[in-house]
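In terms of our numbering, the sequence shown has 443 at position 409, counting the first letter as 1, and numbering is strictly consecutive.
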Amino acid sequence: MPILQRFPIRIAALIDSFDQPQDVYRHMAPQFWRGNDLEFQIGILRDNQPIDISNLSAIHLAIKVLNADGTAPSGQQPNLMIGHDRVPQNIGLSDWKNGSQQHATVHFSAEESAIPAGHYWLSIWATTQDTPEKVLTLSAGHIRVLENGGLSLAAPEPQKLYYDAETCDARYLLKEDDVTSLIDAAALRSSLELGTLAEQDADAVSISGHVDITSGSIAQISDLSIADGGTGASTATDAFQNLSPLTTKGDLLSSDGSSHGQRLAVGTEGQVLCAHPAASQGLAWVTRPGQLLARQNVSTSTAGVDFLQIFDAAKFHHYKLHVRHNTRSPVDSRMQLLLGASSPGAIPWLENAADYRWQTYDIRGKTIRAESTADIGELPYFPLGNSSESYRAGDGFLHLNIDIWNDGIAGHAVAVAAVAHYLWVSKANHDSGMGHYWGTYLNSGGDVVDSLRFQSADGGSISGGSYSIYGIE
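In structure tokens:
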């Protein structure tokens with residue numbers, strides 16, 4: 035038998051429509067009683083099917099006041115309630131329908147939901163894992179808050195605990211008076227444990243025993259050493275430097291869990307700081323996924339774009355080469371990838387055609403063309419397009435996303451998979467095209483493959499475009 039811990043509101047966000055968000059439990063626009071612990075269960079659907087959200091980093095939910103005329107509020111309107119789920123999960127249709135799972139769960143306490151009863155605006159959006167991240171609105175519409183008739187969670191009226199003027203005069207000294215106006219000033223000084231200090235000359239004060247100083251300042255005192263509980267310095271900057279355990283540019287101050295501050299040494303270039311419970315200080319420098327390794331922008335004609343010693347097996351085994359707005363001369367030239375293995379003073383390109391195995395699959399308009407090494411012989415390297423000029427990005431931009439898997443071990447094969455989008459232009463005819471190209475470098479020579487070249491397969495040149503390579507994991 036289920037246990038009710040929070041008031042559930044299960045919302046279907048239909049991203050293929052602008053429909054009002056629906057509470058699937060109650061088949062109506064969402065509403066809740068104010069001053070209740072709430073659980074928003076969010077599912078993201080297209081064609082009434084849960085979508086794949088593996089590219090999302092978080093799902094957010096907010097409630098705002100409507101405009102005076104009842105329309106949706108502006109972006110500057112403050113949030114009355116806001117929450118998020120930073121660990122969204124993929125779900126199946128059956129799990130969504132039976133209510134056992136949802137893409138995201140957002141909780142609000144009774145105090146957070148104790149807003150005045152009325153009509154409000156509900157918005158649900160997501161942020162992606164891209165760099166920089168993207169923001170995607172999933173659903174928005176009206177939500178109603180009902181008065182529960184019971185617990186209000188409103189702040190109580192303050193209690194009137196105060197002294198009147200007569201009581202104050204009897205208990206406290208007036209600010210315009212001094213201690214001598216009291217009946218027995220000496221007795222008062224003794225009760226305050228001032229001793230003879232209050233009677234000494236301000237320019238020649240003798241202090242013995244323990245003294246607490248909570249305000250003011252003390253001058254003409256020598257710097258107190260660290261061994262005696264001081265800092266050994268007379269300025270705040272020097273005091274910090276004397277006490278700081280930091281030694282190297284980029285060092286951080288962290289805790290070892292036993293109330294002791296410790297130096298956390300700076301990481302290497304490109305690393306990021308992550309929580310690491312197993313580390314002595316709970317933090318560790320790690321190589322981040324999705325790291326940009328190199329970028330080249332081409333604006334003048336060149337034979338190829340080289341990424342030398344770009345593969346580093348100590349950090350990554352998976353790489354992505356993004357090609358944007360590639361142009362060629364001649365315009366119907368076919369592009370290709372060539373691998374390389376470094377040696378002292380040179381980059382020997384791996385040009386043994388028999389080591390390259392590949393397949394291509396292009397769709398232009400309504401027609402399809404497929405080829406492989408077995409169809410037309412061993413065309414050198416990895417071709418990124420078919421042999422027919424009618425199935426290439428003739429006189430149009432070519433965009434490519436290319437995955438490369440290389441573990442950097444001598445003799446291991448290297449795998450390549452690419453997706454292309456292009457425009458084929460011939461006089462007045464224009465067709466949108468796409469292609470899938472994949473293959474394997476057999477590495478029969480047992481090389482350590484660490485370099486990459488993007489070039490023309492037909493003796494042409496590259497005349498423009500942006501070329502970026504990333505380490506993924």
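C-beta atoms are modelled at their ideal positions from N, C-alpha and C, and glycine is treated no differently.
Looking at the secondary structure, which residues open and close the alpha helix (DSSP H) in which residue 383 lies? Where residue 383 is concerned, there is no enclosing alpha helix (DSSP H), given that its DSSP letter is neither H nor E.
Would you mind working out which of 38, 388 and 337 sits nearest residue 478, comparing C-alpha positions? Of 38, 388 and 337, the residue nearest in Cα terms is 388.
Would you give the residue range spanned by the beta strand (DSSP E) that residue 396 belongs to? From DSSP, the beta strand (DSSP E) with residue 396 extends over 390–398.
Enclosing beta strand (DSSP E) for residue 283 [first to last residue]: For residue 283, there is no enclosing beta strand (DSSP E), since its DSSP letter is neither H nor E.
Entirely within the region 99–135 and at least 4 residues each: give me those alpha helix (DSSP H) ranges in chain order. Taking only runs of at least 4 residues, the alpha helix (DSSP H) segments lying wholly in the region 99–135 are 127–131.
Quick one: what's got a C-beta closer than 7 Å to residue 193's C-beta in the same chain, skipping five residues either side? Per-residue confidence for residue 193 stands at a pLDDT of 46, beneath the threshold of 50, marking its modelled position as unreliable; no derived number is given.
Cα-Cα separation, residue 173 to residue 58: Going from the Cα of residue 173 to the Cα of residue 58 covers about 14 Å.
Residues that residue 138 bridges to, as DSSP identifies them: 76, per the DSSP bridge assignment.
Could you tell me how far apart the beta carbons of residue 336 and residue 496 are, in whole angstroms, since I believe they sit closer than 8 Å? At roughly 5 Å, the Cβ-Cβ gap stays under 8 Å, so residue 336 and residue 496 are in contact.
If distances are taken between C-alpha atoms only, which option among 112, 381, 141 and 205 comes closest to residue 484? Ranking 112, 381, 141 and 205 by Cα distance to residue 484 puts 381 first.
Presumed contact (8 Å Cβ cut-off) between residue 68 and residue 179, rounded CB distance: With a Cβ gap of about 5 Å, residue 68 and residue 179 count as contacting.
In whole angstroms, what separates the C-alpha of residue 286 from that of residue 297? Taking the straight line joining both Cα atoms gives about 6 Å.
Which full runs of the alpha helix (DSSP H) of 4+ residues lie inside the region 402–459, going along the chain? Secondary structure within the region 402–459: the alpha helix (DSSP H) runs of 4 or more consecutive residues, fully enclosed, are 407–410 (chain order).
Would you tell me roughly how many angstroms separate the C-alpha atoms of residue 367 and residue 438, rounded to the nearest one? Computed Cα separation, rounded: 22 Å.
Grab the span of the beta strand (DSSP E) containing residue 41 for me, first residue to last. Membership of residue 41 in the beta strand (DSSP E) is indicated by the continuous run 41–48.
With DSSP as the reference, please indicate the residues paired to residue 483 in a beta bridge. DSSP output for residue 483 lists no bridge partner at all.
How many angstroms separate the CA atom of residue 504 from the CA atom of residue 147? Straight across, the Cα-Cα distance linking residue 504 with residue 147 is about 44 Å.
Might you give, ordered along the chain, the residues of its own chain that have their beta carbon closer than 8 Å to the beta carbon of residue 125, omitting 5 neighbours on each side? Around residue 125, the same chain offers 77, 84, 135, 136 and 137 as residues with beta carbons nearer than 8 Å, after the five sequence neighbours per side are excluded.
What whole-angstrom Cβ distance do residue 490 and residue 359 have, given they're in contact under 8 Å? About 16 Å separates the beta carbon of residue 490 from that of residue 359, a gap too long to meet the 8 Å contact definition.
For the 8 Å Cβ check, are there 3 or more pairs between the region 447–467 and the region 327–334? When C-beta atoms of the region 447–467 are compared with those of the region 327–334, fewer than three pairs fall below 8 Å, so the two segments do not count as touching.
Would residue 396 and residue 404 be called neighbours here (beta carbons separated by less than 9 Å)? Contact flag set, yes.
Label residue 394 either buried or exposed according to how many other C-beta atoms from any shown protein chain fall within 10 Å of its C-beta, with 16 as the threshold for buried. Burial call: buried.
Taking 9 Å as the cut-off, decide whether the C-beta atoms of residue 418 and residue 376 are in contact. Cβ distance not < 9 Å, so residue 418 and residue 376 don't count as in contact.
In whole angstroms, what is the alpha-carbon distance linking residue 36 and residue 80? Answer to the nearest angstrom: the Cα atoms are 29 Å apart.
Residue 472 to residue 129 span [Cα, whole Å]: If I take the Cα positions, the gap works out to 36 Å.
For residue 122, collect the residues of the same chain with a Cβ closer than 6 Å to its Cβ; drop the 5 residues on either side in sequence, then sort them by chain order. Exclusion of the five residues before and after residue 122 leaves 87, 90, 93, 137 and 138 as the residues of its chain whose Cβ lies within less than 6 Å of its Cβ.
Counting only the same chain and skipping the five closest in sequence on each side, list residues whose C-beta sits under 7 Å from that of residue 99. Counting only Cβ-Cβ distances below 7 Å, and skipping sequence neighbours, we find 107, 111, 114 and 154.
Hey, residue 54 and residue 175: beta-carbon distance below 9 Å or not? A contact, by the Cβ cut-off of 9 Å.
Between 356, 364 and 363, which has its C-alpha nearest residue 371's C-alpha? Closest by alpha carbon: 356.
Considering Cα atoms alone, identify which of 300, 50, 47 and 43 is closest to residue 75. Comparing Cα-Cα distances from residue 75 to each of 300, 50, 47 and 43, the minimum goes to 43.
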